[in-house]
Structures are given as structure tokens and as C-alpha cells.
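Undergrad: Just add 516 to wherever you are in the sequence shown, counting from 1, and you've got the numbering used here. Don't be surprised by glycine CBs; every beta carbon is placed ideally from N, CA and C. The structure follows.
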Amino acid sequence: MELSKTFHFDMAHRLSFHTGKCRNLHGHSYRLEVTLEGEPDANGMLIDFHEMKRIVHEHVVDILDHATVIYEKDRLLMDSFPKELHHVIFPYEVTAENLCRWTFERLLNAGLTIKQVVIWETADSKAVYTK
Ligand SMILES: [Zn+2]
517 MELSKTFHFD
527 MAHRLSFHTG
537 KCRNLHGHSY
547 RLEVTLEGEP
557 DANGMLIDFH
567 EMKRIVHEHV
577 VDILDHATVI
587 YEKDRLLMDS
597 FPKELHHVIF
607 PYEVTAENLC
617 RWTFERLLNA
627 GLTIKQVVIW
637 ETADSKAVYT
647 K
């Protein structure tokens, strides 16, 4: 059995390696779909959707929403970003692909029986990370 839930968050980033417009600090309204797998319990439930929402918010959405996510080797932002503003330091470039992998690993570590994470950076562009 698979169970999916969709979330939304707004986040700013830039790609320090990029030579086009993505090198500029900008934001997206991301859509996140989390899919769990497992067998339903005696009540026919894999996980309470409310509990799934709580865990995904605590470990991912509340951290990223309205944050600026900064690659730790991006000297331009690391040296100049106002530290009193909400920001998150990433160990790698903040691409949709890496965001997807980061989300998958955090939810796995949070104890969810995660199967897949999909992140839409725009309405027609997404990254998929599957176990
Ligand atoms: Zn972008």
C-alpha cells in the first residue's frame, strides 16, 4: 500500500555555479509530494494523515518555508546574508534534485516508511527521488 500527501512551501535560493539567471537570489513556490509505503494496521490505516502532516512539517516544511537556503560553499551569500533572517545552510548546491534527496533523507531519519519524494520547483518542472 502507498499513501501520499502534498505540501506547499515558499523558499529562496540561488545556484552559485550557474551562469544564467539562476545565479541570482530568487524564490519558488514549491510543491512537495511525499509517498509512504507499508501495510495497513488492523484498523486499515498505514499512518494517520494528521500524524504524517505533523512529521513532514516538523522535519521539512517548517524549516524551508520562507527561508533562504544557502549552499555552504557559496561565499557570496555565506559572507553577506543577514543572519537574523530565516536561512538554512545546505551541504550542496540548492537544486531541485538535491532538495529532493535532502527531504527524502530527513523523512527517512524521522522514522517514516518513505518510498518517494517529488518536488515541483515550478508547475512544469519536478525532481523525483525514489528508494
Ligand atoms: Zn530557482
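For residue 517, which of 562, 523, 591, 632 has the nearest alpha-carbon?
TA: On the sequence shown, position 1 is the one that residue 517 refers to. For the residues 562, 523, 591, 632, the minimum Cα distance to residue 517 belongs to 562.
Undergrad: Can you list, in chain order, the residues of its chain with a C-beta nearer than 7 Å to that of residue 569? Leave out the 5 residues immediately preceding and following it.
TA: Taking the first residue of the sequence shown as 1, we reach residue 569 at position 53. Around residue 569: 521.
Undergrad: Where does the unbroken beta strand (DSSP E) through residue 641 begin, and where does it stop?
TA: Your numbering for residue 641 matches position 125 in the sequence shown. 641-646 is the span of the beta strand (DSSP E), which, as asked, contains residue 641.
Undergrad: Within a Cβ cutoff of 8 Å, which residues of the same chain sit near residue 543, ignoring the five residues on either side of it in sequence?
TA: Taking the first residue of the sequence shown as position 1, residue 543 is located at position 27. Taken in chain order, the residues that qualify are 526, 527, 528, 529.
Undergrad: DSSP on residue 619, reduced to helix/strand/coil?
TA: As a working mapping, residue 619 is identified with position 103 in the sequence shown. Helix.
Undergrad: Any idea which residues DSSP pairs residue 547 with across the strands?
TA: Locating residue 547 in the sequence shown gives position 31, counting from the first residue. According to DSSP, which records beta bridges pairwise, residue 547 is partnered with 524, 636.
Undergrad: Can you determine whether any heavy atom of ligand 1 sits closer than 7 Å to the C-beta of residue 524, and answer yes or no?
TA: Position 8 of the sequence shown holds residue 524. The answer is no for residue 524.
Undergrad: Assuming residue 610 and residue 531 form a contact by the criterion Cβ under 8 Å, report the distance between their Cβ atoms to the nearest whole angstrom.
TA: Start at 1 with the first residue of the sequence shown, and residue 610 comes out as number 94. Start at 1 with the first residue of the sequence shown, and residue 531 comes out as number 15. The Cβ separation is near 7 Å, so the contact holds.
Undergrad: Can you list, in chain order, the residues of its chain whose CB lies under 6 Å from that of residue 615, leaving out five sequence neighbours each side?
TA: Along the sequence shown, read from residue 1 onward, the residue named residue 615 stands at position 99. Only 635 meet the Cβ criterion.
Undergrad: Comparing C-alpha positions only, which one of 620, 578, 537, 617 sits nearest to residue 602?
TA: For this step, residue 602 is matched to residue 86 along the sequence shown. The shortest C-alpha separation from residue 602 is found at 578.
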